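Residue numbers (the working numbering): 223 to 597.
Here it is as structure tokens:
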């Protein structure tokens, strides 16, 4: 089968880029796959920078490249590239085209491409939704999403939250639900917990918050939970670029006198260094205020790390409560602190690791590949 994928891939960095690239690799084991990528997204237009206040969209540092042969000429703002990519997809005689959906800024290009495909080809148009609505909503979202989805009758979602959101927008369509697959790309047997902690120059019982920081990630609730944790050997490692004002988090640290228990690493982590932070940690915490799903949980599971996450969006769907981690109340520092203490009070921590090794099999890539093939 000839399949085309439209989305983001290397050199664009981040979880969606990694996902799109790996999907192309997995599908290419049985099919002919062509990958078409934007050369940049949020930095294409100055006003879009508010969605991406980071230093660069491109991964210029990682030696371990997560890539796949691709055409990276697609532009958010240049319609000529949309017609050019359409011609290439048409030439390839793609039977299915998978659009990676994650933000309404994609609407003009995706609507145009899907309309051309609908009129001039017989290809099946599929939207894989990482989140139907953006994490940071605007008043235009509903209209833009409806326009983007207008030419598509096939969807793949990763959580019940997105399934419900999609059903409100698109009444008559075929939807496949498949969890975000595991991030095995960061697995390593080359570094132990002791070695990782030594490399990072950290000691104690390590709690990890990983990924870029925005307000909806709820980091302030985790920081405010730290003084309430009875295990005073715990240290919080916050790793990721701050897209929110770092000063307000530093003020919480100062107010709660957490300088010796919290370390902020305001940086995008190179691919080859991701495993080091997870290996050093005992547990990974996602104190999110809102969410649909998260690739961070899959990275944690790939390295057999338990997870504490809030009861928002699709997060509870991927945690076996009490076995692979804990689900806690959102916006509750007390619930977060109690769950962390509960984990550290567990004598047999290997219990979690053993459960994760079994549980994570449900997140293998075959499920998503099958969803694409079944459409």
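From the three backbone atoms N, C-alpha and C, an ideal C-beta is built for every residue, glycine too. Being a predicted model, the structure only gives us computed values, none of them experimental.
Rounded to whole angstroms, what's the CA-CA distance from residue 475 to residue 442? Just pull it up for me. When only Cα atoms are considered, residue 475 and residue 442 end up about 9 Å apart.
Can you give me the start and stop residues for the alpha helix (DSSP H) that residue 303 sits inside? Boundaries of the alpha helix (DSSP H) around residue 303: 301-314.
How is residue 257 classed by DSSP in three states: helix, strand or coil? Looking at residue 257 - three-state DSSP - the assignment turns out to be strand.
Residues bridged to residue 507 (per DSSP): In the DSSP assignment, residue 507 forms a beta bridge with 530.
Where residue 379 sits in the DSSP three-state scheme: It is a strand residue.
According to the Cβ coordinates, are residue 230 and residue 239 closer than 8 Å? Between residue 230 and residue 239, the CB-CB gap stays under 8 Å.
Would residue 544 be called buried (16 or more neighbouring beta carbons within 10 Å of its own) or exposed? Around the beta carbon of residue 544, fewer than 16 other beta carbons sit within 10 angstroms, so the residue counts as exposed.
Give the list of continuous beta strand (DSSP E) stretches no shorter than 3 residues that lie fully inside the segment 330-372. Along the segment 330-372, the beta strand (DSSP E) occurs as fully enclosed runs of 3 or more residues at 346-351, listed in sequence order.
Outcome for residue 226 when other beta-carbon atoms lying within 10 angstroms are tallied against a minimum of 16: Under a 10 Å Cβ-count criterion, residue 226 is classified as buried, with 16 or more other Cβ atoms of the shown protein chains found around its own Cβ.
Give me the Cα-Cα distance between residue 286 and residue 261, rounded to the nearest whole angstrom. Cα to Cα, the separation comes out at about 20 Å.
Assuming residue 319 contacts residue 348 under a Cβ cut-off of 8 Å, what Cβ separation, rounded to an integer in Å, is found between them? Under the criterion of beta carbons closer than 8 Å, residue 319 and residue 348 qualify as touching, at roughly 7 Å.
Quick check on residue 569: does DSSP put it in helix, strand or coil? Assignment of residue 569 by DSSP, reduced to helix, strand and coil, places it in the coil class.
With DSSP as the reference, label residue 427 as helix, strand or coil. The answer is strand: DSSP assigns residue 427 an E or B state.
In the structure shown, what three-state DSSP assignment does residue 591 receive? Here residue 591 sits in helix by DSSP.
With a threshold of 8 Å, are at least 3 pairs of Cβ atoms found where one atom belongs to the segment 425-439 and the other to the segment 497-510? A contact exists between the segment 425-439 and the segment 497-510.
Rounded straight-line distance, which links the Cα of residue 249 to that of residue 335: When the Cα atoms are used, residue 335 and residue 249 turn out to be separated by approximately 22 Å.
Looking at the C-beta of residue 252, does it have a partner C-beta in chain B at a distance below 8 Å? Within the model displayed, chain B is absent; a lone protein chain is all it includes.
Between residue 396 and residue 376, what straight-line distance do the alpha-carbon atoms span, to the nearest angstrom? Between the C-alpha atoms of residue 396 and residue 376 there is a straight-line separation of about 5 Å.
By alpha-carbon positions, which one of 224, 232, 578 and 463 ends up nearest to residue 253? Just measuring C-alpha positions, the residue of 224, 232, 578 and 463 sitting nearest residue 253 is 224.
Helix, strand or coil for residue 288 per DSSP? Note: residue 288 maps to coil in three-state DSSP.
What three-state label does DSSP hand residue 322 in the structure shown? In this structure, residue 322 counts as strand in the three-state DSSP scheme.
Below 8 Å between beta carbons: does that hold for residue 393 and residue 597? Between residue 393 and residue 597, the C-beta spacing is not below 8 Å.
Rounded Cβ spacing between residue 323 and residue 357 (contact assumed at less than 8 Å): Approximately 13 Å separates the beta-carbon atoms of residue 323 and residue 357; this is outside 8 Å, ruling out the contact.
Could you check whether the segment 559-569 touches the segment 520-540, counting it as contact only if at least three pairs of C-beta atoms, one from each stretch, sit closer than 8 Å? Yes: the two stretches touch, three or more of their Cβ pairs being nearer than 8 Å.
Rounding to the nearest angstrom, what Cα-Cα distance links residue 281 and residue 492 in this structure? Looking at the backbone, the Cα of residue 281 and that of residue 492 are separated by about 8 Å.
Hey, residue 448 and residue 506: beta-carbon distance below 8 Å or not? Going by C-beta atoms, residue 448 is not nearer than 8 Å to residue 506.
With 16 as the cutoff for other CB atoms within 10 Å, does residue 580 come out buried or exposed? Residue 580 counts as exposed, since fewer than 16 other beta carbons sit within 10 angstroms of its beta carbon.
Three-state secondary structure assigned by DSSP to residue 243: Helix at residue 243.
Measuring only the C-alpha atoms, how far is residue 361 from residue 383? The C-alpha of residue 361 lies about 20 Å from the C-alpha of residue 383.
Enclosing alpha helix (DSSP H) for residue 187 [first to last residue]: Here the chain comprises residues numbered 223 to 597, so residue 187 is not present and cannot be evaluated.
Which residue from 288, 445 and 379 puts its Cα closest to that of residue 243? Nearest of 288, 445 and 379 to residue 243, Cα basis: 288.
So, for residue 501: in the same chain, excluding its five sequence neighbours on each side, which residues have a beta-carbon less than 6 Å away from its beta-carbon? Here the set comprises 413, 415 and 418.
Nearest candidate by alpha-carbon position, reference residue 354, set 339, 284, 387 and 401: Answer by Cα proximity: 387.
Check whether the Cβ atoms of residue 534 and residue 557 sit closer than 8 Å, and answer yes or no. Cβ distance not < 8 Å, so residue 534 and residue 557 don't count as in contact.
Who are the near neighbours of residue 487 in its chain, counting only those whose CB is closer than 6 Å to its CB and skipping five residues on each side? Only 461 meet the Cβ criterion.
First and last residue of the alpha helix (DSSP H) that includes residue 446? 441-447 is the span of the alpha helix (DSSP H), which, as asked, contains residue 446.
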